[in-house]
Amino acid sequence: MRVVERDAAGGRHRILRLISLASVGLLVAPLAVPIGLFAGWRLRNPWELLGLLSGLGLVVLLVAFIQRDGEWMDPRPWFAVGAALVAIGVLGFAAARASYRRSTG
668 MRVVERDAAG GRHRILRLIS LASVGLLVAP LAVPIGLFAG WRLRNPWELL GLLSGLGLVV
728 LLVAFIQRDG EWMDPRPWFA VGAALVAIGV LGFAAARASY RRSTG
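Numbering (our numbering), first residue to last: 668 to 772.
Right, here's the structure in full:
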């Protein structure tokens, strides 16, 4: 499960980088775009996309947690989407890993 944790952390950082790009503006974009392209180019294992989903789900769950009092937004849709993304990432990785183990014997 360490691979899932590592991939989820990487996905979380990629999504936070994307969100921060909107807040910082075009000042950082000339540096962030090549770094993002380099990170995507290094994607050697398609299972890492499942980690990206889990990382995105963790960011959405963070938004739900921050909005838990419902002062600005209702946190329930954020929680539902975040939990679904994390579940898809973790269960998808578990299914892919089980399939890989069956195929390699």
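Just so it is clear, CB atoms sit at the ideal spot from N, CA and C, and this is done for glycine as well.
### Query
Rounded C-beta distance between L723 and L752? I'm assuming under 8 Å.
To locate residue 723, count along the sequence shown from 1; it is residue 56. To locate residue 752, count along the sequence shown from 1; it is residue 85. Approximately 5 Å separates the beta-carbon atoms of L723 and L752; this is inside 8 Å, confirming the contact.
### Query
Is DSSP giving R735 helix, strand or coil here?
Here the question's residue 735 lines up with position 68 in the sequence shown. Here DSSP, grouped into helix, strand and coil, assigns R735 to coil.
### Query
What span of residues does the alpha helix (DSSP H) with W714 cover, start to end?
Taking the first residue of the sequence shown as 1, we reach residue 714 at position 47. No alpha helix (DSSP H) contains W714, which DSSP labels as neither H nor E.
### Query
Would you call the region 765–772 and the region 729–736 touching, i.e. three or more CB-CB distances under 8 Å?
The region 765–772 makes no contact with the region 729–736; the number of CB pairs closer than 8 Å stays below 3.
#### Entry: W714 vs A761 beta-carbon contact at 8 Å
Here residue 714 is taken as the residue at index 47 of the sequence shown, counted from 1. Here residue 761 is taken as the residue at index 94 of the sequence shown, counted from 1. No; because the gap between Cβ atoms is not below 8 Å, this pair is not in contact.
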